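Participant:
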Amino acid sequence: MNSVTRVESKRAPPAASRPQGPARRLVHPISTSAAMPQTKDLYDVLGVDEDASQEEIKKTYRTLARKHHPDRNPDDPNAEEKFKEIQKAYSILSDEEKREQYDAQRRFGGGGFGGPGGGQGAWGRSAGGGGPDVRFEQGNFEEAFGGRGGGGLGDIFESFFGGTTGRGRTRGRGFDQRQQQQRQQRQRQQRRGQQGGQDVETTLRLSFREALEGGRKQVELPSGESIRLKIPKGVRDGFKIRLRGRGHAGPRGQRGDLYVTFKVGDHPRFDRKGDDIHLTETIGMFDAVFGTEIRVPTPYGQRLKLSVPAGTQPGEKLRLKGKGVRTDDGEGDLYIEIDVDIPENLSRKQRDLLREAADEANLR
Numbered sequence: 000m001n002s003v004t005r006v007e008s009k010r011a012p013p014a015a016s017r018p019q020g021p022a023r024r025l026v027h028p029i030s031t032s033a034a035m036p037q038t039k040d041l042y043d044v045l046g047v048d049e050d051a052s053q054e055e056i057k058k059t060y061r062t063l064a065r066k067h068h069p070d071r072n073p074d075d076p077n078a079e080e081k082f083k084e085i086q087k088a089y090s091i092l093s094d095e096e097k098r099e100q101y102d103a104q105r106r107f108g109g110g111g112f113g114g115p116g117g118g119q120g121a122w123g124r125s126a127g128g129g130g131p132d133v134r135f136e137q138g139n140f141e142e143a144f145g146g147r148g149g150g151g152l153g154d155i156f157e158s159f160f161g162g163t164t165g166r167g168r169t170r171g172r173g174f175d176q177r178q179q180q181q182r183q184q185r186q187r188q189q190r191r192g193q194q195g196g197q198d199v200e201t202t203l204r205l206s207f208r209e210a211l212e213g214g215r216k217q218v219e220l221p222s223g224e225s226i227r228l229k230i231p232k233g234v235r236d237g238f239k240i241r242l243r244g245r246g247h248a249g250p251r252g253q254r255g256d257l258y259v260t261f262k263v264g265d266h267p268r269f270d271r272k273g274d275d276i277h278l279t280e281t282i283g284m285f286d287a288v289f290g291t292e293i294r295v296p297t298p299y300g301q302r303l304k305l306s307v308p309a310g311t312q313p314g315e316k317l318r319l320k321g322k323g324v325r326t327d328d329g330e331g332d333l334y335i336e337i338d339v340d341i342p343e344n345l346s347r348k349q350r351d352l353l354r355e356a357a358d359e360a361n362l363r
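Residue numbers for the sequence shown follow numbering that gives the first Met the number 0, beginning at 0 and rising by one.
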């Protein structure tokens, strides 16, 4: 017999222009092509067209990720490098802003998006294009590239790095401002690369019983990988866990985290509140009056004896301590709400007898 407890129901201004002097030497090519390896075109890496939709890119990435995952190619020494290459391409082409920057660099000969180690912008040393490294000194930039009337290479720089545009842009010191903007842009891109990959969120649906028992379940991640995920016993609906390094890879190959939220299904009879389980049991009117003993189910498939005290009222709750949800931190309780079934079809004689008994017990 189990212990029963009765529970009560209840976001500069332009700099001043100065006289323009003769154009000064601006460009110092330094041949570094031997030290700058040619990077692969990201669209070629994934095998998609330049006008591919995000859905096409995502679908292709998942297929390639499955095919070239190191775990599936243990005898291929190049599998891991190929897998990282695919992840890097996807991390850029799947991001609208990064993809737009990359496409612009390809159009103007930027030659890549940071190569193997992450980008520094369209024209920086780490642009990965394999061409000469170019340094710019202060001078009359507009006369050397495009004349006085606007346009030319200066517009290209401003389209990449911001700043004032059109005929209103500054000269002289204004070029210093553009240089500073370029440095700041490269620094921002470096920081983004150092921050690693992109976090991913997903939902894992569990049946009521799966959540109670816990264990392990095969899960396909958004990256296309498949892992066996450990489910804590007694996990609650909405509970979230983090898997480090299971998100999307960043330009430097470092991966973000994966956040998994558990969605637990309902049960036709049991109602879970925290770690407690609630259910309703119906007894007859006279059982409520005189008391009785019944068997109640538990969420784990057991049937326990429950003693219903005499005089139990409709809606009254009885508790079986420690018979609720089992977790690593303990057990919840099982609450049984008593519903009393009142007879409807009584004979005249039965009604008379009940009336007489009620009068004698002063129940009317």
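Note that CB positions come from ideal geometry on N, CA and C, so glycine has one too. Treat the numbers as computed from the prediction; the structure is a model and nothing was measured.
Tell me which residues share the same chain as H68 and place their Cβ nearer than 7 angstroms to its Cβ, disregarding the 5 neighbours each side in the sequence.
Facilitator: Only F82, E224 meet the Cβ criterion.
Participant: Is it the case that the Cβ atoms of V259 and I240 are separated by a distance below 8 angstroms?
Facilitator: For V259 and I240, yes; Cβs fall inside 8 angstroms.
Participant: With the cut-off set at 8 angstroms, would you say K262 and L203 are in Cβ contact?
Facilitator: For K262 and L203, yes; Cβs fall inside 8 angstroms.
Participant: Identify whether A51 lies in helix, strand or coil by the three-state DSSP scheme.
Facilitator: Reduced to three states, the DSSP call for A51 is coil.
Participant: Less than 8 angstroms between C-beta atoms, sequence neighbours within five positions excluded: which residues of the same chain meet that for I276?
Facilitator: Contacts found: F269, D270, T297, P298, K322, G323, V324, G331, D332, L333, Y334.
Participant: Can you check the stretch 197-281 for any beta strand (DSSP E) of at least 3 residues that lies completely inside it and give the ranges in chain order?
Facilitator: Those beta strand (DSSP E) runs which fall completely within the stretch 197-281 and span 3+ residues are 199-205, 214-219, 225-230, 239-242, 257-263, 270-272.
Participant: DSSP beta-bridge partners for S306?
Facilitator: Answer is E292.
Participant: Note down, in chain order, each residue of its chain lying with its Cβ closer than 8 angstroms to the Cβ of D327, except the 5 sequence neighbours on either side.
Facilitator: Around D327: P231, K232, G233.
Participant: Residues in its own chain within less than 8 angstroms of G314 by CB, not counting five upstream and five downstream?
Facilitator: Here the set comprises S8, E336, I337, D338.
Participant: Can you check which of these residues, E359, R227, K39, is closest to E84 by C-alpha distance?
Facilitator: Minimum Cα distance to E84 is reached at K39.
Participant: Under the assumption that S90 contacts H266 (Cβ atoms under 8 angstroms), give the Cβ distance between them as a whole number of angstroms.
Facilitator: About 41 angstroms; that fails the 8 angstroms criterion.
Participant: DSSP state of I335, grouped into three classes?
Facilitator: I335 falls in the strand class under three-state DSSP.
Participant: Would you kindly work out how many angstroms separate the C-alpha atoms of R294 and I341, rounded to a whole number?
Facilitator: Their backbone Cα atoms lie some 20 angstroms apart in a straight line.
Participant: Which word fits L352, buried or exposed, when buried means at least 16 other C-beta atoms lie within 10 angstroms of its C-beta?
Facilitator: Exposed, by the Cβ-count rule.
Participant: Have a look at L242 and R65 and give me their C-alpha separation to the nearest angstrom.
Facilitator: Each residue's Cα considered, the two are about 19 angstroms apart.
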